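Going left to right, the sequence shown walks through residues 122 to 269 as this note's numbering numbers them.
Worksheet: one structure, shown below.
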Amino acid sequence: TLRAKRPIIEFDAGLKLYQFGTFAKQSVDVVDTFTTDVFSDIEGATGYNVDGVDLVDGMRILVTADTDVLVKNRIFQVNIINFGGDGDPTNKQIALTEPADCQPLENEVVLILNGEVNQSKMFYFDGQSWKTAQSKISNNQAPLFDQR
């Protein structure tokens with residue numbers, strides 16, 4: 122007669138997944154792990170392909186390979202500028218802008234929405250660089266947790 126009507130859920134406070142972050146950042150469309158000079162190669166180009174995906178207006182890119190510390194590990198938004206006004210594709214060029222959440226914070230996690238290699242993967246920021254987060258490789262695989 123004293124049985125509970127709802128189950129009691131018990132958990133350990135402060136648990137953190139192994140090779141994962143603790144809070145999510147807004148998703149990005151692609152991660153560029155190849156381009157070493159984003160503002161020379163992508164900015165001003167008429168088109169560019171990242172991880173098998175052509176960049177279009179409004180896409181968010183996570184840049185991880187740039188050699189400039191002011192660009193590396195940041196998120197940029199693609200803006201297609203039509204400077205001819207006539208709709209001619211040769212009069213269009215890519216401009217990159219920094220969204221409000223461009224700078225990474227330690228333990229942030231981001232989901233990659235598109236790409237041939239990184240689609241549906243999650244990356245976490247460890248304070249120095251973005252790394253591929255823990256992922257399941259088989260059915261019913263239990264998650265791994267950090268040891269404390």
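Where is the CB? At the ideal position from N, CA and C, for every residue including glycine.
Quick caveat, the model's predicted, so the values are computed rather than measured.
Please report the residue range of the beta strand (DSSP E) in which residue i lies.
i    : result
D153 : 151-153
I258 : Looking at the DSSP string, I258 is not in any beta strand (DSSP E), and its letter there is neither H nor E.
R195 : It is not in any beta strand (DSSP E) - R195 carries neither H nor E in the DSSP assignment.
K213 : 213-218
V184 : 181-184
F244 : 243-246
Which residue comes first and which comes last in the alpha helix (DSSP H) that contains residue i?
i    : result
V159 : 159-162
Using a Cβ-Cβ cut-off of 8 angstroms, state whether residue i counts as contacting chain B.
i    : result
K126 : Of the protein chains in this structure there is only one, and it is not chain B.
Excluding five sequence neighbours on each side, which residues of the same chain lie with their C-beta closer than 8 angstroms to the C-beta of residue i?
i    : result
F266 : L136, K137, L138, Y139
G173 : G236, E237, V238
T156 : D162, I163, V171, V184, A186, D187
Looking at the structure shown, is residue i part of a helix, part of a strand, or coil, going by DSSP?
i    : result
N235 : coil
V230 : strand
Whose C-beta lies closer than 7 angstroms to the C-beta of residue i among residues of the same chain, with five residues either side of it excluded?
i    : result
L232 : S148, M243
A145 : V230
Measuring only the C-alpha atoms, how far is residue i from residue j?
i    : j    : result
T188 : N228 : 22 angstroms
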